[in-house]
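K.L.:
Position 15, counted from 1, in the sequence shown is what this note's numbering calls 123; the numbers after and before it change by one each time, with no gaps. All residues carry an ideal CB built from backbone N, CA and C; glycine is no exception.
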Amino acid sequence: MAVAGCSFCGIELPKGSGRLYAKKDGTLFYFCSS
Numbered sequence: 109m110a111v112a113g114c115s116f117c118g119i120e121l122p123k124g125s126g127r128l129y130a131k132k133d134g135t136l137f138y139f140c141s142s
């Protein structure tokens, strides 16, 4: 299972949870809900 880290607080997010924000330049940010 792929795991991403929250771009704000660093908590590991399991695949399918949190929010993904993509900038126009292709940079990806992952955010948890807390």
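Apart from the five residues just before and just after leucine 136, which ones in its own chain have a Cβ nearer than 7 Å to its Cβ?
P.N.:
What you label residue 136 is simply residue 28 of the sequence shown in a count that begins at 1. So the qualifying residues of the chain are Leu128, Ala130.
K.L.:
Would you mind stating whether glycine 113 and leucine 121 have Cβ atoms separated by less than 9 Å?
P.N.:
By 1-based counting over the sequence shown, the position of residue 113 is 5. By 1-based counting over the sequence shown, the position of residue 121 is 13. Yes, the pair counts as a contact, with Cβ atoms nearer than the cut-off.
K.L.:
Compute the Euclidean distance between the alpha carbons of methionine 123 and cysteine 140, then round it to the nearest angstrom.
P.N.:
For the purposes of this step, residue 123 is taken as the residue at position 15 of the sequence shown. For the purposes of this step, residue 140 is taken as the residue at position 32 of the sequence shown. It is lysine, not methionine, that sits at residue 123 in the sequence shown. Lysine 123 and cysteine 140: Cα-Cα distance of roughly 11 Å.
K.L.:
Output needed for phenylalanine 116: all residues of its chain with C-beta closer than 7 Å, excluding positions within five of it in sequence on either side, in chain order.
P.N.:
For the purposes of this step, residue 116 is identified with residue 8 of the sequence shown, where counting begins at 1. If we look at phenylalanine 116 and ignore the five residues flanking it on each side, its Cβ neighbours are Phe139.
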